[in-house]
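One structure is given here, and the rest of the page talks about it.
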Amino acid sequence: MPSVLITGANRGIGLALTKAYAEKGYKVVAAVRDPSKMEAVNGVLVVKLDQGTLGDAKEKGNEIVDREGDEEGKPASRKRRKRRKRRKRRKRRKRRKRRKRRKRRKRRKTMSTKTSLGGEIDAISELKSKHGIDRLDLVICNAAINVTHSKFAELSMDDLEITWKTNVRGPLVLFQATLPVQPEGSKFVVVSSGAGLLGRNIESAEVAKLHAEHPELVILSLNPGWVPTEMGLQGAKWNGLDDTPQRLEDTLPGMIKVIDSATKDTTSGLMVNYDGKPMAW
Numbered sequence: 001m002p003s004v005l006i007t008g009a010n011r012g013i014g015l016a017l018t019k020a021y022a023e024k025g026y027k028v029v030a031a032v033r034d035p036s037k038m039e040a041v042n043g044v045l046v047v048k049l050d051q052g053t054l055g056d057a058k059e060k061g062n063e064i065v066d067r068e069g070d071e072e073g074k075p076a077s078r079k080r081r082k083r084r085k086r087r088k089r090r091k092r093r094k095r096r097k098r099r100k101r102r103k104r105r106k107r108r109k110t111m112s113t114k115t116s117l118g119g120e121i122d123a124i125s126e127l128k129s130k131h132g133i134d135r136l137d138l139v140i141c142n143a144a145i146n147v148t149h150s151k152f153a154e155l156s157m158d159d160l161e162i163t164w165k166t167n168v169r170g171p172l173v174l175f176q177a178t179l180p181v182q183p184e185g186s187k188f189v190v191v192s193s194g195a196g197l198l199g200r201n202i203e204s205a206e207v208a209k210l211h212a213e214h215p216e217l218v219i220l221s222l223n224p225g226w227v228p229t230e231m232g233l234q235g236a237k238w239n240g241l242d243d244t245p246q247r248l249e250d251t252l253p254g255m256i257k258v259i260d261s262a263t264k265d266t267t268s269g270l271m272v273n274y275d276g277k278p279m280a281w
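Under UniProt numbering, the residue at position 104 of the sequence shown is numbered 104, and the numbers go up by one with no gaps.
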């Protein structure tokens, strides 16, 4: 029985691929951030990939209490009181800014369809030790995010950082973790897009590099079409549309055909549309 690991498997494209490969007779490993939110699918093994490396360090502000009076207990002068008041105002402003940053980060995390970037090594080890899965014939890195529609000139560094971690660093970390259990001829597929903050160029270059370095594997990037996932609908909204132009049930068969028919000499190293046509990058 061939085996496949799919990240971001709890909804949208990931869930559709999970169901499809389970029906095809694969041993499916669904990698999700929160297993409690994963729909039950017959025969599918659910593993948790921790959000660890995507999380921002918690900011803890130390509140300094100013006392009225100098070191000898004498009443503070008017100038010192004014300086202390200014310091307090600055501290309050800084605390407000920190709270706003935390709220923005929380919103971005809830938008993310990416499973974690940390914990892959532990998850793969668990597959071998607890479930007896010592090989993966197919790995589908499906999870990704698109948190903003901003132009680069207006882009916040926080948005750039979280997108880079998820969409560029994420597939590479997953590849490194699964490489030891991917035999010769197995496939590594990155579900990508022609749109998005970083676009197809960086992700496609990453896939091309891995393809060149690993002649024993089939590695490609796959465009699933503009379908009504959470990200797809957000993209439609940003472009003034009420809905996406394509449906997942229409593009899914093409996606599976592209994956199943991919070989080292045909589509490996390329970004391929769901209809089988290579895409320029």
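Every residue gets a Cβ at the ideal spot worked out from N, C-alpha and C, and that includes glycine.
Query                                                                                                                                                                 : Result
Leaving out the 5 sequence neighbours to the left and right, which residues in its chain are closer than 8 Å to methionine 1 when beta-carbon positions are compared? : Gly25, Tyr26 and Lys27
Does the distance from the CB of threonine 263 to the CB of valine 218 come in under 8 Å?                                                                             : yes
Among the residues of its own chain, which have a CB less than 8 Å from the CB of threonine 18, if the five just before and after it don't count?                     : Ile6, Ala9, Val28, Ala30, Val41 and Val44
For aspartate 137, tell me which candidate among Gln182, Asp275, Leu252 and Val227 has the shortest Cα-Cα distance.                                                   : Gln182
Residues in the same chain with beta-carbon distance under 8 Å from tryptophan 238, minus the five sequence neighbours each way, listed in chain order, please.       : His149
According to the neighbour-count rule (16 or more other Cβ atoms, all chains shown, within 10 Å of its Cβ), is arginine 33 buried or exposed?                         : buried
I'd like to check one pair, leucine 220 with serine 268: are the Cβ atoms closer than 8 Å?                                                                            : yes
Going by C-alpha to C-alpha distance, which of Lys37, Arg78, Tyr21 and Ala22 sits closest to arginine 11?                                                             : Lys37
Could you tell me if leucine 210 is buried or exposed, where buried requires 16 or more neighbouring beta carbons within 10 angstroms of its beta carbon?             : buried
Would you mind giving the Cβ-Cβ distance between proline 224 and methionine 271, rounded to the nearest angstrom? I have them listed as a contact below 8 Å.          : With a Cβ gap of about 12 Å, proline 224 and methionine 271 do not count as contacting.
Beta-carbon within less than 7 Å of alanine 16's beta-carbon, same chain only, minus the 5 sequence neighbours each way: which residues are those?                    : Leu248 and Leu252
With distances taken from CA atoms, which of Gly240, Asn146 and Lys100 is nearest methionine 231?                                                                     : Asn146
Could you please give the first and the last residue of the uninterrupted beta strand (DSSP E) stretch that includes threonine 7?                                     : 3-7
One question on the structure: do glycine 14 and asparagine 167 come within less than 8 Å of each other, judged by their Cβ atoms?                                    : no
Helix, strand or coil, according to DSSP, for leucine 138 in the structure here?                                                                                      : strand
Determine the DSSP secondary structure at methionine 38, reduced to helix, strand or coil.                                                                            : coil
Short check: CB of lysine 187 to CB of isoleucine 259, under 8 Å?                                                                                                     : yes
With a cut-off of 8 Å on the beta carbons, I'd call valine 173 and leucine 222 a contact; round off their distance for me.                                            : At roughly 19 Å, the Cβ-Cβ gap does not stay under 8 Å, so valine 173 and leucine 222 are not in contact.
Alpha carbon to alpha carbon, how far is arginine 101 from arginine 84? Give it in angstroms, no decimals.                                                            : 26 Å
I'd like the span of the alpha helix (DSSP H) that includes phenylalanine 175, first residue to last.                                                                 : 170-178
Which value, in whole angstroms, describes the spacing of the CA atoms of glycine 276 and threonine 266?                                                              : 11 Å
If you reduce the DSSP assignment to three classes, tell me which class asparagine 239 lands in.                                                                      : coil
Between the alpha carbons of leucine 171 and proline 215, how many angstroms are there, rounded?                                                                      : Note on residue identity: the sequence assigns proline, not leucine, to residue 171. Looking at the two C-alpha atoms, the distance is approximately 18 Å.
Using CA atoms only, rank isn't needed, just tell me which of Lys257, Ala205 and Met279 is closest to alanine 20.                                                     : Lys257
Identify the residues that DSSP records as bridge partners of lysine 48: which are they?                                                                              : Val32
For aspartate 242 and glutamate 154, what's the separation of their Cα atoms in angstroms?                                                                            : 25 Å
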